[in-house]
Each structure stands twice: as C-alpha cells, then as structure tokens.
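Trainee:
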RNA sequence: CGGGGCAUGGUGUAAUGGUUAACAUUCACGCUUUGGGAGCGUGCGAUUCCCGGUUCAAAUCCGGGUGCCCCGACCA
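Take a look at the structure:
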C-alpha cells in the first residue's frame with residue numbers, strides 16, 4: 002500500500018486525554034481513533050493488525066476443532082430471563098419501538114446454548130466446539146487505558162459441549178495449549194502467564210492468561226523460581242505462598258488479563274434443560290466450557306509490551322505490513338528505484354507499506370516509520386544508491402546495513 | 001460507584017477580570033531545502049465544553065451540568 006493514499010495521518014503529539022502507552026501510540030500513529038470513553042474505531046492500519054490477530058486466533062482455534070459462527074449482538078430478553086441474568090449490571094438494555102426488550106450481548110452463553118441444543122440430541126453428536134469473533138458490550142463503571150478495557154470490544158468466545166467431565170477436562174487442557182500458542186504467536190509469549198483465578202459463580206477455579214505490563218489493571222503473584230502465577234483472590238486462600246514450592250518470596254506484578262477460560266459444567270445446560278441421550282438410553286445434562294480472548298485488549302497489550310520512546314515495535318506476526326519502504330528523497334533516480342522495489346516486493350508476496358509521499362522531508366519519513374513501527378525498514382536514498390544499495394534496518398535494532406539491490410531481489 | 005485532576009482553532013499550549021483570544025504545529029499556496037519533525041513569506045481555521053449568575057467588562061470569578069483522564073472499588 003502506498004502511504005500517500007492512506008487517509009490517516011500521524012500526530013506529532015499525543016492527545017492530552019490519553020495516558021497509557023497503547024492509546025497514545027496507536028492514536029498518534031493513526032491505528033485507532035477514540036469516539037468516546039472505551040469506544041474506539043479501528044483505522045486502516047489498526048484494522049490490519051486486528052485482522053492479523055484474528056487470523057492467528059482463528060487458525061489455532063480451528064486446529065482444536067472449533068467451528069466458527071457469528072451470533073447476533075442483539076439479544077431478546079427471554080433468553081436472559083431463563084438464566085435469570087436479565088438484571089446483570091453490566092448489560093446494556095434497550096427497547097424496540099413496540100416496547101420489546103433487548104440487550105446488547107456482553108457474553109453469549111444464553112444464545113449459543115439453545116442454538117446448539119437445537120441440533121445436539123445424542124452422545125453421537127458430541128463433543129461440539131463453537132466459537133465466534135464478535136463485538137461485546139459491557140457497561141463498565143470505569144474504562145481504562147485505551148484498548149485495555151473498553152465498553153465495546155471484539156472478543157473471540159469459544160463454547161464447548163461435552164458428554165462427561167473427562168472430555169471437558171481434556172478439552173480444557175487443549176484450549177490452554179492453544180491459548181499459549183496464540184499469545185506466543187502474537188509476540189507476548191514471554192510476558193504472558195497462566196494464572197489460577199477463582200471461578201466466579203461457576204466453579205472453584207478458572208484460569209486467566211495475564212500479560213505483564215505496568216498499565217495492567219490486575220496484580221498477579223509470580224514465583225520467580227517456578228514461574229507459577231496466581232491472582233490475588235486465590236493467593237489470599239493460600240496465605241501468599243507459591244502453590245508448588247511453598248516459597249513466600251513472590252513478586253507482585255501488574256498484568257492485563259488477555260484471556261480467560263472457565264469450566265461452566267452444567268450451569269447453562271440445567272437452565273436450558275439441555276440434555277442428550279447416552280448409549281444406555283438415559284438422558285444426561287450436557288457439560289460446557291467457555292473460553293474468551295479480547296482482541297482489542299490483546300492488541301493493546303502487544304503495544305504495551307513492544308514499544309520504545311519513538312513508537313511501536315510490532316512483532317512480525319501482527320504487523321500491519323512486513324516492510325516499510327521509504328523513498329527518502331525527491332530525485333528521479335530514488336523514486337524510480339523505489340517504485341520498482343515496491344512492485345517487485347509486492348509481486349514476491351511481501352506486504353509492503355510504501356512511503357511515496359512527495360511533500361515529506363526525509364526526517365519526517367524516518368520519524369513516522371519509527372512511530373508506526375513496522376518490523377523492517379528499507380530506505381532508498383541518493384546515499385544508498387551511490388553504492389548500488391538500499392538500507393535495511395530492523396525496528397528493534399539501532400543500526401541498519403546496506404545491501405545491494407540485486408540481493409534484495411534474491412531475498413524476495 | 002467513592003476520590004482526584006483537566007476542558008481554549010484538527011493537535012499541543014499561552015493569556016487569571018480590561019483592545020480584534022496569542023504561539024507552535026497541522027492544512028492551502030509560492031520560493032528554497034532534502035538522512036532524524038528544515039527555512040522564509042502569504043493565507044484558511046475558535047460560539048474559549050454547555051446552561052445560568054456576578055460585573056461597566058468573563059477564556060478568566062461563582063453555581064449547576066456534561067465530557068475526558070487518573071487512583072480505588074467493581075469486573076465472566
């Protein structure tokens with residue numbers, strides 16, 4: 002894509018009403034735009050990142066047999082009366098012109114359970130794994146830190162349906178692995194810890210995936226020896242000791258919850274009377290699990306982890322483009338070679354962001370490149386061409402190196 | 001929901017009771033310039049968040065509201 006055609010622009014300064022690094026940088030670089038507190042638009046660059054994240058998640062969930070659907074965001078009251086969650090405080094409610102009650106979906110158990118119930122009648126139909134990537138709405142008392150906690154946000158929610166507890170437990174472990182894989186592929190594997198958390202109203206325990214960052218809203222207790230992480234509520238029960246080695250020398254770290262997995266067991270199948278026929282002809286309740294990842298929050302967390310004073314440093318896997326090609330100066334030679342490289346790279350299947358802007362100084366292009374943060378920068382200038390080269394520099398390295406233009410073609 | 005802070009062109013700031021609300025940047029045009037936000041000139045862009053009050057006079061003081069940020073509580 003040509004940068005001259007991008008309708009967004011970078012800002013020299015971050016708007017004063019944002020403080021968290023993810024919000025400041027993503028807004029300055031033109032990835033997102035704030036509509037109101039906790040509600041952001043994704044602009045072309047930001048959407049490309051979101052799509053990359055989405056695809057990573059999709060691949061990993063498909064790999065564990067997830068079947069993708071898209072459920073409605075608009076929910077009739079009746080589903081929520083069945084589980085007695087119509088009064089849930091974070092739920093946005095609205096009325097139709099005729100006075101019918103609706104809500105905006107903040108989670109989808111009430112929708113997916115009766116849906117799957119329509120089709121699943123026998124043990125032969127089980128297990129079933131259904132997921133979607135969709136907007137959620139939560140009437141938060143306090144939004145926080147840009148993309149880290151919003152009122153409207155994209156979420157991947159996976160629901161699993163099982164014949165027995167053993168099957169549920171096995172799948173739960175599979176999801177854990179898939180989640181680690183997702184966070185690893187998104188470039189925050191090293192900073193993300195599985196933490197034991199309370200299960201809320203559903204079960205004794207659940208698990209959270211917590212990414213360490215100063216702007217996180219949670220505090221986790223980390224055993225430096227075992228690398229075991231535990232959240233606050235559970236730690237209270239354990240008297241602030243590592244569950245494994247019983248050490249009391251725990252580090253308290255701020256973290257943001259990027260994923261959460263629960264065993265719902267029969268909580269929802271009971272409410273909807275969702276039963277299946279076992280081999281012996283008897284009816285049994287379905288057991289369920291649910292597994293969520295907030296996509297925008299994940300994107301925010303990635304920026305929180307990967308940035309420096311000059312801008313974002315995208316991991317390859319989620320970067321909106323692979324290479325930032327800068328036609329640094331206005332000279333016919335530089336422009337000609339840049340255009341050629343742009344075409345060649347595109348033909349070679351490389352995602353190129355081509356800074357072909359004619360009215361920007363070299364300095365401005367370099368600074369914008371750092372701010373936008375693509376992992377690789379390729380500079381074409383009179384200086385490099387004098388040696389038959391272009392300059393290649395990784396965003397996370399200080400210095401670049403010159404490589405000959407013919408070599409670039411080989412690399413492609 | 002409790003507490004704190006802030007609100008002035010698109011963005012960042014100045015003006016603390018007294019001319020026509022200033023500066024930088026952005027944007028448009030012209031000339032010059034080209035490896036870390038380059039220079040000069042010209043121009044566009046504001047109901048100073050909203051409503052009310054005090055005053056001869058309000059961006060500025062007072063009251064109410066709204067919005068945003070931060071801390072805490074809350075959080076499937």
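Residue numbers (my numbering): 2 to 413.
Glycine included, C-beta positions come from ideal geometry on N, C-alpha and C.
Buried or exposed for residue 30, please, with buried defined as at least 16 other CB atoms from any protein chain shown within 10 angstroms of its CB.
Mentor: Against the first chain, residue 30 aligns to sequence position 29. Residue 30 should be labelled buried.
Trainee: Could you pull the start and end residues of the beta strand (DSSP E) that residue 43 belongs to?
Mentor: Indexing the first chain from 1 puts residue 43 at position 42. 40–43 is the extent of the beta strand (DSSP E) around residue 43.
Trainee: Cβ of residue 155 within 9 angstroms of Cβ of residue 131?
Mentor: Within the first chain, numbered from 1, the residue matching residue 155 stands at position 154. Within the first chain, numbered from 1, the residue matching residue 131 stands at position 130. No, they are not a contact pair.
Trainee: Identify which residue in 221, 228, 227 and 246 has its Cα closest to the Cα of residue 236.
Mentor: Here residue 236 refers to the residue found at position 235 of the first chain. Ranking the options by Cα distance to residue 236, first place goes to 221.
Trainee: On a Cα-Cα basis, can you pick out the residue from 357, 351, 352 and 325 that is closest to residue 340?
Mentor: Working through the first chain from its first residue, we reach residue 340 at position 339. Among 357, 351, 352 and 325, the Cα nearest to that of residue 340 is on 357.
Trainee: Output the boundary residues of the beta strand (DSSP E) element that contains residue 168.
Mentor: Start at 1 with the first residue of the first chain, and residue 168 comes out as number 167. Per DSSP, residue 168 belongs to no beta strand (DSSP E); it is in the alpha helix (DSSP H), 166–186.
Trainee: Roughly how many angstroms lie between the CA atoms of residue 302 and residue 215, to the nearest whole one?
Mentor: Taking the first chain and counting its residues from 1, one reaches residue 302 at position 301. Taking the first chain and counting its residues from 1, one reaches residue 215 at position 214. Looking at the two C-alpha atoms, the distance is approximately 10 angstroms.
Trainee: Within 8 angstroms, do at least three Cβ pairs link the stretch 331–351 to the stretch 366–384?
Mentor: As far as the Cβ criterion goes, the stretch 366–384 touches the stretch 331–351, which means the pair count is three or higher.
Trainee: Looking only at its chain, what residues have a beta carbon closer than 7 angstroms to the beta carbon of residue 388, apart from the 5 residues adjacent to it on each side?
Mentor: Locating residue 388 in the first chain gives position 387, where the first residue counts as 1. If we look at residue 388 and ignore the five residues flanking it on each side, its Cβ neighbours are 403.
Trainee: Which residue marks the beginning of the alpha helix (DSSP H) containing residue 339, and which one marks its end?
Mentor: Locating residue 339 in the first chain gives position 338, counting from the first residue. From DSSP, the alpha helix (DSSP H) with residue 339 extends over 333–348.
Trainee: Quick check on the burial criterion: 16 or more other C-beta atoms within 10 angstroms. Buried or exposed for residue 73?
Mentor: Position 72 of the first chain, counted from the first residue, corresponds to residue 73. So residue 73 counts as exposed.
Trainee: By the three-class DSSP mapping on this structure, what secondary structure does residue 277 have?
Mentor: Locating residue 277 in the first chain gives position 276, where the first residue counts as 1. Three-state result, residue 277: strand.
Trainee: Just to confirm my understanding: we take residue 267, look at its own chain, exclude 5 residues before and 5 after, and list those with CB closer than 8 angstroms. What are they?
Mentor: As a working mapping, residue 267 is identified with position 266 in the first chain. The answer, listed in chain order, is 286, 287, 288 and 289.
Trainee: Can you have a look at residue 38 and say buried or exposed, based on whether 16 or more other CB atoms are within 10 angstroms of its CB?
Mentor: Within the first chain, residue 38 is the residue found at index 37, counting from 1. Looking at its Cβ environment, which holds fewer than 16 other Cβ atoms inside 10 Å, residue 38 is exposed.
Trainee: Are residue 160 and residue 114 touching if we call contact CB-CB under 9 angstroms?
Mentor: Reading the first chain from its first residue, position 159 is the one you call residue 160. Reading the first chain from its first residue, position 113 is the one you call residue 114. Cβ distance < 9 angstroms, so residue 160 and residue 114 count as in contact.
Trainee: Does the beta-carbon of residue 62 have 16 or more other beta-carbons within 10 angstroms, so that it is buried, or is it exposed?
Mentor: Locating residue 62 in the first chain gives position 61, counting from the first residue. Buried, by the Cβ-count rule.
Trainee: Note the first and the last residue of the continuous alpha helix (DSSP H) segment covering residue 83.
Mentor: If you number the first chain from 1, residue 83 lands on position 82. Counting along the chain, the alpha helix (DSSP H) containing residue 83 begins and ends at 78–83.
Trainee: Use the C-beta contact count for residue 53: other C-beta atoms within 10 angstroms, 16 or more gives buried, fewer gives exposed.
Mentor: Within the first chain, the letter at position 52 stands for residue 53. Per the 10 Å Cβ criterion, buried.
Trainee: Nearest CA to the CA of residue 396: which residue from 322, 409 and 77?
Mentor: As a position in the first chain, residue 396 is number 395, starting the count at 1. With distances taken between Cα atoms, residue 396 lies closest to 322.
Trainee: Would you report the Cα separation of residue 135 and residue 330, rounded to the nearest angstrom?
Mentor: If you number the first chain from 1, residue 135 lands on position 134. If you number the first chain from 1, residue 330 lands on position 329. Looking at the two C-alpha atoms, the distance is approximately 43 angstroms.
Trainee: In whole angstroms, what separates the C-alpha of residue 170 from that of residue 199?
Mentor: Here residue 170 is taken as the residue at index 169 of the first chain, counted from 1. Here residue 199 is taken as the residue at index 198 of the first chain, counted from 1. Cα to Cα, the separation comes out at about 17 angstroms.
Trainee: Taking the CB atoms as reference points, tell me whether residue 292 and residue 260 lie closer together than 9 angstroms.
Mentor: Here residue 292 refers to the residue found at position 291 of the first chain. Here residue 260 refers to the residue found at position 259 of the first chain. Yes, the Cβ-Cβ distance between residue 292 and residue 260 is below 9 angstroms.
Trainee: Would you mind working out which of 354, 392 and 60 sits nearest residue 179, comparing C-alpha positions?
Mentor: For the purposes of this step, residue 179 is taken as residue 178 along the first chain, with counting starting at 1. That would be 60, whose Cα lies nearest to the Cα of residue 179.
Trainee: Would you mind giving the Cβ-Cβ distance between residue 70 and residue 6, rounded to the nearest angstrom? I have them listed as a contact below 8 angstroms.
Mentor: As a working mapping, residue 70 is identified with position 69 in the first chain. As a working mapping, residue 6 is identified with position 5 in the first chain. Actually they do not touch by this definition, with Cβ atoms about 35 angstroms apart.
Trainee: In angstroms with no decimal places, state the Cα-to-Cα distance between residue 368 and residue 13.
Mentor: Position 367 of the first chain holds residue 368. Position 12 of the first chain holds residue 13. Their backbone Cα atoms lie some 10 angstroms apart in a straight line.
Trainee: Hey, would you say residue 277 sits closer than 9 angstroms to residue 168, going by beta carbons?
Mentor: Counted from its first residue, the first chain places residue 277 at position 276. Counted from its first residue, the first chain places residue 168 at position 167. No, they are not a contact pair.
Trainee: Which residue comes first and which comes last in the beta strand (DSSP E) that contains residue 8?
Mentor: On the first chain, position 7 is the one that residue 8 refers to. Element bounds for residue 8: n/a, residue is neither H nor E.
Trainee: Closest to residue 362 by CA distance: which of 372, 328 and 184 is it?
Mentor: Here residue 362 is taken as the residue at index 361 of the first chain, counted from 1. Selected option, being the one with the closest Cα: 328.
Trainee: Report buried or exposed for residue 281, applying the criterion of at least 16 other Cβ atoms within 10 angstroms of its Cβ.
Mentor: On the first chain, position 280 is the one that residue 281 refers to. Residue 281 comes out exposed.
Trainee: Measuring straight from C-alpha to C-alpha, what distance separates residue 190 and residue 91?
Mentor: Counting from one through the first chain, the residue named residue 190 turns up at place 189. Counting from one through the first chain, the residue named residue 91 turns up at place 90. If you take the alpha carbons of residue 190 and residue 91, they lie about 31 angstroms apart.
Trainee: Would you list, in sequence order, the uninterrupted alpha helix (DSSP H) runs of no fewer than 4 residues that lie entirely inside the stretch 258–335?
Mentor: With a minimum length of 4 residues, the continuous alpha helix (DSSP H) runs that stay inside the stretch 258–335 are 268–272 and 296–306.
Trainee: Per DSSP, what kind of secondary structure is residue 199 in: helix, strand or coil?
Mentor: Taking the first residue of the first chain as position 1, residue 199 is located at position 198. The answer is strand: DSSP assigns residue 199 an E or B state.
Trainee: Could you name the residues of the same chain whose beta carbon sits closer than 8 angstroms to that of residue 176, not counting the 5 residues immediately before and after it, in chain order?
Mentor: Here residue 176 is taken as the residue at index 175 of the first chain, counted from 1. 65, 159, 161, 262, 290 and 292, listed in sequence order.
Trainee: Does the stretch 39–46 come within contact of the stretch 101–113, defined as at least 3 CB pairs closer than 8 angstroms?
Mentor: No, because fewer than three Cβ pairs between the stretch 39–46 and the stretch 101–113 fall closer than 8 angstroms, the two stretches do not touch.
Trainee: Let me check one thing: in DSSP terms, what residues is residue 351 bridge-paired to?
Mentor: In the first chain, residue 351 corresponds to position 350, counting from 1. Bridge partners of residue 351: none, in fact.
Trainee: With a floor of 4 residues, list each alpha helix (DSSP H) that falls wholly inside the stretch 98–168, ordered by position along the chain.
Mentor: With a minimum length of 4 residues, the continuous alpha helix (DSSP H) runs that stay inside the stretch 98–168 are 110–118.
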